[in-house]
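Peer 1: Dropping the structure in here first, questions after.
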Amino acid sequence: MSLTEEIARRRTFAIISHPDAGKTTLTEKLLLFGGAIHIAGAVKSNKIKKTATSDWMEIEKQRGISVATSVMGFNYGDYKINILDTPGHQDFAEDTYRTLTAVDSVIIVVDVAKGVEQQTRKLMEVCRMRNTPVIIFVNKLDREGRDPFEILDELESELKIKVRPLSWPINIGAKFKGVYNIYEHSLDLFTPNKQKVSERVEISSLDDPRIDESVGETDAAKLREDLELIEGVYPEFDEQAYLAGEVAPVFFGSALNTFGVKELLDCFVRIAPSPRPVTTEERVVNPDEEGFSGFVFKIHANMDPNHRSCIAFVKICSGKFERNAGYKHVRSGKVMKFAAPTAFMAQKKSIVDEAYPGDIVGIPDTGNFKIGDTLTSGELLHFKGLPSFSPEMFKYIENTDPMKSKQLEKGIQQLMDEGVAQLFINQFNGRKLIGTVGQLQFEVIQYRLLHEYGAQCRWEPISLYKACWIESDDAEALAAFKKRKHQFMAVDREGRDVFLADSGYVLTMAQQDFPKIRFHFSSEF
Ligand code: G4P
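In numbering that gives the first Met the number 0, the protein residues as written are 0 to 524.
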C-alpha cells in the first residue's frame, strides 16, 4: 500500500465525556465491532474507579495498567482506527487536553438524562480552539431522560456548535423502541441485549408502512412529525462544515445495549477525517510528505521506582516511521535511533517496524523527551498546539532535606518536562511555585520526588486565583504593570512573564486598568 493509501485509511480520534456518561462502554463496543476484543468487559481503560478518587496511589496503579489502553488500534473493514484514551478523572484534565492535540476528530458522549455536563463543556472548548471535527453520541436512551429536541438545543447552546441529528429515537426509557437512521434511511429496532446487534428494517421512504408495522401507528406518526420538524429546522448535513468543526452530527443510542453503535461507527469511518496537515512554527506539514515528522504529546512514567523509565507517545504527522532509522530530536539536535518502538494494536503492545501518519508509537525513554518535542528526518520543525492552560491550584514547594537539593531540582525539572504540573518562579521572593489543575498532582509530585529521586519536599499553601501569561507591544506599559504588580509577578520555565492574580476581581480590574496588556490563559499565544 502506498503512503497516500495508508494515510487515507487512518482515523485517529478520542472519545470524550463527563465521567459516567458511557465513554468506557462505548469504547469497548467499538473494539468489539473491530474484532479487537471478543467479550464485553475486557477493556481496562483509563477509567478510574469511583471509590479511588481520593487515593491517588490506586489511581496511578490503574493508570499504570492502562498504558496499553492509552491507544487502542484496530482494523475495521479497510480502515485503521486509533482510539486515544483520556483519563476520566478531572484532576488529569491537562493530560486530556494534550491528547486532544494528537487526534484528528472526537466523539463526544452525552448522557440523555444529564445533558451537557461541566467536563464536556471544558473539553469542547479545547476542540473549538483547534476546529476539531466533532460527532455527538447521545447515550442511555434505554433510560428515562430528556426530550431529544431539548437535548439538541442544549448541545447547541452549551457546546457552542451547530448540530444536525443523523438518527432519531422513537421514545426513550421504558418505551424506547429504536432509532430511525436519517443518514441511511433505515429503522433499527431496539431489543435490550448487551451482546446482540439490533434488528434492522430497511425502508424505502418515510411513508413506508413497515414503519407502522414495526413500531405501531401512534409512534410512527410521531416519528414522521418529528422528522418533518427536523428537516424544517436543521439544514441538510454538510460534510465540509463538519470537517471544519462548524457542525456536529448527532446520533442516539445505548452503548450498554450495543444499540446505535455500529451506525455511529459506520458513519464515523466514512465522514471523519484522515490525518490532516499540521502547523509548525516553520511551515505547514502535509501527512503525505516523504520526510518523517512527529511530536511527543504524552509521557507515561513507569511507577516502578527501580526503573526511572517512561514511554513517550509520539504522534506521526508525516512520512513513514521506521524502526532503527535514526531521527533528529530537534530540541537537542541529536540523532536518535529507536530499537524498540511499540505500536498499540488490539490492546497489545508490540514492537513495530513501521508506522504511518495518524499512528501513535510508544518510545521507551529515560528522560530525553519533553512534552511537545519534535522528531524529524532531519528538518528543523517545531510543532505548535501543545498549550499549557492557566493552572488554578498553587503551592510553594520547599526542600526539607538540604543534602538533597540537587536531586530535588532534577526531579522537579523532569516532572515538569513530563507535564505533571507547571513551575513558576515568583519574582518577588524568588520562591518556586507549582501550579496544577487538580489537588492530586501535589500528592503525585511529592510521592514521585521521594521514590524516584530520593528528594523530600513539603508544600506551603498560597491562595491564588489564576496565573496568566502577559505581554504587550508597549514596553513602557509592560514595565508599568510589572512595577505596580511587582509582588504578584512570576516567570515560567521559558522566562516569560506571568501574573499571579489572587482573585477574579483583581484580574478583572487589572484587565480594565491596563488595556495595553494582553492576558493569556493558555501558554500558546
Ligand atoms: P465513563 O467511562 O464515561 O465514566 O462511563 P462508563 O462507560 O463506565 O459508564 C458509566 C455507567 O453507565 C456504567 O454503569 C455503565 O454500565 C452505564 N451505561 C453506559 N451506557 C449505558 C446505556 O446505554 N444504558 C444504561 N442504562 N447504562 C449505561 P455503572 O453501574 O457505573 O458501572 P458498571 O458496574 O455497569 O460497570
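We put the CB at the ideal spot given by N, CA and C, even for glycine.
The structure presented is a predicted model; accordingly, all values stated were derived computationally and were not measured.
Could you check which residue in H184, V419 and E451 has the C-alpha nearest to that of S203?
Peer 2: S203 has its Cα closest to that of H184, out of H184, V419 and E451.
Peer 1: How would you write the range of the alpha helix (DSSP H) that Q118 sits in, first residue to last?
Peer 2: That run of the alpha helix (DSSP H) goes Q117 to R129.
Peer 1: Do T278 and K525 have their beta-carbon atoms positioned less than 8 Å apart in this structure?
Peer 2: A query on residue 525 cannot be resolved here, the shown segment of the chain reaching from 0 to 524 and no further.
Peer 1: Applying the criterion that 16 or more other CB atoms from any shown protein chain within 10 Å of the CB defines a buried residue, is I210 buried or exposed?
Peer 2: I210 is buried by the Cβ-count criterion.
Peer 1: For R457, which residues does DSSP report across the bridge?
Peer 2: In the DSSP output, where bridge partners are listed per residue, R457 has E397.
Peer 1: What's the C-alpha gap between N81 and D472?
Peer 2: Near 43 Å, if we compare the C-alpha coordinates of D472 and N81.
Peer 1: Can you check the region 154-231 for any beta strand (DSSP E) of at least 3 residues that lies completely inside it and give the ranges in chain order?
Peer 2: Listed in chain order, the complete beta strand (DSSP E) runs (minimum 3 residues) inside the region 154-231 are 161-164, 166-169, 177-180, 185-188 and 198-201.
Peer 1: Which residues in the same chain as K139 place their Cβ atom closer than 7 Å to its Cβ, once the five residues preceding and following it in sequence are excluded?
Peer 2: The residues are G21, D110, V111, A112 and S253.
Peer 1: Might you give, ordered along the chain, the residues of its own chain that have their beta carbon closer than 6 Å to the beta carbon of E321, omitting 5 neighbours on each side?
Peer 2: Same-chain partners within the cutoff: E353.
Peer 1: For L374 versus G494, is the C-beta spacing smaller than 8 Å?
Peer 2: Going by C-beta atoms, L374 is not nearer than 8 Å to G494.
Peer 1: By Cβ distance, which residues of its chain are closer than 8 Å to A338, with the 5 residues on each side in sequence left out?
Peer 2: Excluding residues within five positions, the ones whose Cβ falls inside 8 Å are R322 and N323.
Peer 1: Measuring CA to CA, which of V329, G371, E143 and N285 is closest to S522?
Peer 2: Measuring from the Cα of S522, the nearest candidate turns out to be G371.
Peer 1: Please specify which runs of the alpha helix (DSSP H), each continuous and at least 4 residues long, are wholly inside the region 402-471, giving them in chain order.
Peer 2: Listed in chain order, they are 404-416 and 439-452.
Peer 1: Report yes if the C-beta distance between C456 and F498 is below 8 Å; otherwise report no.
Peer 2: Result no, Cβ atoms of C456 and F498 do not sit closer than 8 Å.
Peer 1: Would A489 be called buried (16 or more neighbouring beta carbons within 10 Å of its own) or exposed?
Peer 2: The residue is buried, with at least 16 neighbouring Cβ atoms inside 10 Å.
Peer 1: With a threshold of 7 Å on Cβ separation, who are the neighbours of P460 within its own chain once the five nearest residues in sequence on each side are excluded?
Peer 2: Correct list, in chain order: K394.
Peer 1: Could I get the ranges of all uninterrupted beta strand (DSSP E) runs contained in the region 269-303, with 3 residues as the minimum, in chain order?
Peer 2: Listed in chain order, they are 292-300.
Peer 1: Is V108 close to ligand 1? I mean its beta-carbon at under 7 Å from any heavy atom of the ligand.
Peer 2: Flag set: Cβ of V108 near ligand 1.
Peer 1: Between which residues of its own chain and F427 is the CB-CB distance below 7 Å, once the five residues before and five after are set aside?
Peer 2: Cβ neighbours of F427 beyond the five flanking positions: H485, Q486 and M488.
Peer 1: How many Å lie between M344 and E27 at the Cα?
Peer 2: So the alpha carbons of these two residues sit roughly 14 Å apart.
Peer 1: Expressed to the nearest angstrom, what Euclidean distance is found between the alpha-carbon atoms of K314 and G437?
Peer 2: Distance between the alpha carbons of K314 and G437: 26 Å.
Peer 1: Locate the beta strand (DSSP E) running through I370, then write down its first and last residues.
Peer 2: Neither: I370 is in no beta strand (DSSP E) and is coded neither H nor E.
Peer 1: Measure the CB-CB distance between R97 and Y355 and report whether it falls below 8 Å.
Peer 2: Result no, Cβ atoms of R97 and Y355 do not sit closer than 8 Å.
Peer 1: Any heavy atom of ligand 1 closer than 7 Å to the Cβ of G437?
Peer 2: Outside the cutoff, so no.
Peer 1: Can we count D416 as close to ligand 1, meaning its CB is less than 7 Å from some heavy atom?
Peer 2: No, since every heavy atom of ligand 1 falls outside the 7 Å radius drawn around the Cβ of D416.
Peer 1: Use the C-beta contact count for N256: other C-beta atoms within 10 angstroms, 16 or more gives buried, fewer gives exposed.
Peer 2: It counts as buried.
Peer 1: Determine, using beta carbons only, whether D110 comes closer than 8 Å to chain B.
Peer 2: Looking at the structure shown, chain B is missing, and only one protein chain is on hand.
Peer 1: Could you say if the region 414-428 and the region 145-159 meet the contact criterion of at least three C-beta pairs nearer than 8 Å?
Peer 2: Output reads no: the region 145-159 does not touch the region 414-428.
Peer 1: For a test of the three-state rule: what should DSSP assign to E262, helix, strand or coil?
Peer 2: Looking at E262 - three-state DSSP - the assignment turns out to be helix.
Peer 1: Counting along the chain, where does the alpha helix (DSSP H) carrying L255 start and finish?
Peer 2: Run containing L255: none; DSSP gives neither H nor E here.
Peer 1: So for K49, helix, strand or coil by DSSP?
Peer 2: In this prediction, K49 scores a pLDDT of 46, lower than 50, which makes its location untrustworthy; no coordinate-derived value is stated.
Peer 1: When you compare the region 125-139 with the region 236-247, are there three or more beta-carbon pairs, one atom per stretch, that lie closer than 8 Å?
Peer 2: Yes, the region 125-139 is in contact with the region 236-247.
Peer 1: Going by beta carbon distance, what residues of the same chain come within less than 6 Å of K514, once the five residues before and after it are set aside?
Peer 2: Correcting the residue identity first, residue 514 is Pro in this sequence and not Lys. Nothing listed; no residue qualifies.
Peer 1: In terms of alpha-carbon separation, which member of N367, T399 and F267 lies closest to A311?
Peer 2: Of the candidates N367, T399 and F267, the one whose C-alpha sits nearest the C-alpha of A311 is N367.
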